[in-house]
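Residue numbers (the working numbering): 3 to 560.
What follows is a short report on a single structure.
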């Protein structure tokens with residue numbers, strides 16, 4: 003039973019001989035990350051402080067403002083970078099946060115849990131792809147729902163800045179889509195994400211340019227509540243057979259889907275993100291899990307539908323959360339559109355769409371020994387979508403192919419109080435056009451995660467012991483076609499391992515509170531530029547008892 007243990011539970015100070023013999027971590031250093039900072043061009047630049055705000059009792063009360071590009075840096079811009087900085091002290095849950103500019107979500111993150119002495123942290127993000135929106139003044143909305151009371155005392159003090167880097171010699175203007183269109187419910191005063199439960203969907207009506215030539219939808223999606231640890235959820239049939247275990251249902255397989263005018267158009271497997279309070283908060287101090295600080299969206303190529311969408315009529319883009327979910331997923335998206343500058347109207351049609359409504363999915367459990375159940379779930383998908391656009395250069399056919407595999411083994415013991423999950427998610431999306439037979443691209447991913455969680459309630463009162471271990475990583479590759487082979491041009495891997503223990507006695511005193519974690523981030527690129535992280539980057543940090551014990555920058559093959 004994976005369990006979220008609030009920071010507020012780490013309130014009792016050791017007051018017994020048993021407590022004195024075990025480590026009790028109270029304060030820890032500022033959050034640390036092995037992720038590379040966003041590279042920045044050596045050109046004239048201007049920084050705008052878009053927000054300085056305290057999020058206290060802020061559910062349903064986002065920060066609202068306006069973002070205007072500085073007149074001293076009018077563009078064109080080589081890069082635009084968002085910086086997100088915060089501090090908090092006391093006790094508080096981890097919180098989800100998002101930033102919307104002109105209704106488009108440009109940044110999603112979650113917060114570290116504080117300690118009594120207080121922590122501060124910083125995250126940056128490249129938002130250059132939103133430059134078509136940034137050229138004019140836009141409404142800014144920042145949502146970080148928080149609660150402050152006698153127990154949860156932490157107020158998140160947040161600052162948001164945006165830095166505009168002028169294009170110059172050796173630093174060309176950023177290449178962007180022609181138009182950026184939000185697919186969200188946000189306007190000028192509210193957060194843009196939809197909170198979707200089982201069977202719900204969110205639809206945006208969009209009228210596309212009549213000279214549309216390409217479209218990509220960027221989707222943010224993250225589960226909450228019982229869906230926060232979706233990869234540990236058990237099949238409903240297993241829950242019905244073991245009602246006393248109290249496990250979350252719906253099974254462990256998840257995918258988010260996109261429809262165009264009611265027709266399934268693309269699918270993405272979500273990454274198993276873990277909040278800083280997940281399993282045990284001691285596991286993530288000071289290194290948070292992959293995707294926690296800088297959450298990545300999922301790109302779904304809708305170019306095969308571009309010919310149909312260019313008819314000047316309104317079309318419906320629908321976001322669907324995973325099927326069978328038992329709680330909420332927060333979702334929204336942004337369309338990035340390219341147009342034919344030499345045509346008033348393109349037009350075209352869809353040739354192939356083999357995406358099935360559901361993947362090939364199987365799940366079963368066995369009982370190899372008394373008190374032990376092993377639940378095995380597998381899934382797979384292979385599909386092709388192909389369409390054409392009548393451009394000023396002639397007819398262009400775009401074909402998107404996707405292959406994905408999935409396996410999950412969940413070992414449940416101790417009447418549901420202990421789980422060990424081993425999950426492997428992997429696949430690739432391949433895109434080719436009739437114009438460029440030899441320059442197709444393939445984007446691959448792999449999301450393995452192994453998690454063990456043990457919760458032992460006290461037999462004499464309200465005390466408990468929580469122990470957790472996690473090994474989670476994300477590997478992403480980009481390849482280009484080279485004849486019949488594929489040449490890898492970029493590869494990045496981010497891996498975090500962590501373990502923690504938290505024990506409280508029946509009187510409420512903390513007996514044990516300790517953890518250790520490590521992060522290893524590496525990347526290789528065959529397409530380095532003058533100011534991007536060139537060639538390779540390899541950073542490994544290790545921490546114990548809340549403090550970094552090793553911080554090394556390694557060579558390409560270190």
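Glycine included, C-beta positions come from ideal geometry on N, C-alpha and C.
**Request:** Starting from residue 355, trace the beta strand (DSSP E) both ways and give me its first and last residue.
**Result:** 350-355
**Prompt:** Would the segment 129-149 and the segment 75-89 be scored as touching if the rule is three or more Cβ pairs under 8 Å?
**Reply:** yes
**Prompt:** Thinking C-alpha only, which one of 459, 527 and 33 is nearest residue 480?
**Reply:** 527
**Message:** For residue 305 and residue 62, I'd like the C-alpha separation in whole angstroms.
**Reply:** 36 Å
**Asked** Mapping DSSP to helix, strand and coil, what is residue 538?
**Response** strand
**Prompt:** Is the segment 156-170 in contact with the segment 49-69, if contact means three or more CB pairs nearer than 8 Å?
**Reply:** yes
**Message:** I believe residue 66 touches residue 197 by the beta-carbon criterion, under 8 Å. Please report the beta-carbon distance rounded to the nearest angstrom.
**Reply:** 19 Å between Cβ atoms; not a contact.
**Prompt:** Looking only at DSSP bridge pairs, what is residue 492 linked to?
**Reply:** 480 and 527
**residue 255, DSSP secondary structure in three states** = coil
**Request:** Ignoring anything shorter than 3 residues or poking outside the segment 391-472, list the beta strand (DSSP E) runs there in chain order.
**Result:** 396-415, 420-435, 443-448 and 451-459
**Message:** Buried or exposed, going by whether 16 or more other CB atoms sit within 10 Å of the CB of residue 47?
**Reply:** buried
**Request:** Please classify residue 558: does DSSP put it in a helix, a strand, or coil?
**Result:** coil
**Request:** For residue 574, count neighbouring Cβ atoms within 10 angstroms of its own Cβ and tell me buried if that reaches 16, exposed if not.
**Result:** Since the first and last residues shown for the chain are 3 and 560, residue 574 lies out of range.
**Asked** Where do the ends of the beta strand (DSSP E) carrying residue 324 lie?
**Response** No beta strand (DSSP E) contains residue 324, which DSSP labels as neither H nor E.
**Message:** Can you check which of these residues, 431, 127 and 425, is closest to residue 475 by C-alpha distance?
**Reply:** 425
**Message:** I'd like the list of long-range same chain contacts for residue 163, defined as Cβ closer than 7 Å, with 5 residues on each side in sequence excluded.
**Reply:** 49, 50, 51, 52 and 85
**Request:** Indicate the three-state DSSP secondary structure (helix, strand or coil) for residue 227 in the structure shown.
**Result:** helix
**For residue 309, the three-state DSSP class (helix, strand or coil)** = helix
**Item:** Neighbourhood of residue 534 by C-beta, 6 Å cutoff - its chain only, sequence neighbours within 5 removed
**Value:** Low per-residue confidence applies at residue 534: pLDDT is 45, beneath 50, and the placement is therefore not dependable enough to give any value.
**Message:** I'd like to confirm the pairing. Which residues does DSSP put opposite residue 502 in its beta bridges?
**Reply:** 470 and 517
**Prompt:** Would the C-beta of residue 422 count as close to the ligand ZN, meaning under 8 Å from any of its heavy atoms?
**Reply:** With respect to the ligand ZN, the structure offers nothing, as it holds no ligand at all.
**Item:** residue 537 versus residue 452 - alpha carbon distance
**Value:** 30 Å
**Item:** Per-residue burial, residue 119 [other beta carbons within 10 Å of its own, 16 or more giving buried]
**Value:** exposed
**Prompt:** By how many angstroms is the C-alpha of residue 514 removed from the C-alpha of residue 21?
**Reply:** Only weak support is given to the placement of residue 21: the predicted model assigns it a pLDDT of 43, under 50, and the value that follows is read from those uncertain coordinates. C-alpha separation (whole angstroms): 7 Å.
**Message:** Suppose only complete runs of 3+ residues qualify. What are the beta strand (DSSP E) ranges in the segment 19-80, listed by chain order?
**Reply:** 47-57 and 65-69
**Request:** Could you tell me whether the Cβ atoms of residue 326 and residue 248 are closer together than 9 Å?
**Result:** no
**Request:** Please confirm if the segment 382-391 is in contact with the segment 399-418, defined as three or more CB-CB distances below 8 Å between the two stretches.
**Result:** yes
**Message:** Just to confirm the assignment, what range does the beta strand (DSSP E) spanning residue 242 have?
**Reply:** Element bounds for residue 242: not the beta strand (DSSP E) but the alpha helix (DSSP H), 238-243.
**Asked** Going by the CB atoms, is the gap between residue 421 and residue 461 shorter than 9 Å?
**Response** no
**Request:** Out of 95, 429 and 167, point me to the one whose CA is closest to residue 445's CA.
**Result:** 429
**Message:** Assuming residue 339 is part of the beta strand (DSSP E), what are its boundary residues?
**Reply:** 330-341
**Request:** Count the other CB atoms, across all protein chains shown, that sit within 10 Å of the CB of residue 324; report buried if there are 16 or more and exposed otherwise.
**Result:** buried
**Item:** Alpha-carbon spacing of residue 333 relative to residue 195, whole angstroms
**Value:** 5 Å
**Asked** Under three-state DSSP, which class holds residue 166?
**Response** strand
**Message:** So the candidates are 503, 484 and 509; which of them puts its Cα closest to the Cα of residue 547?
**Reply:** 503
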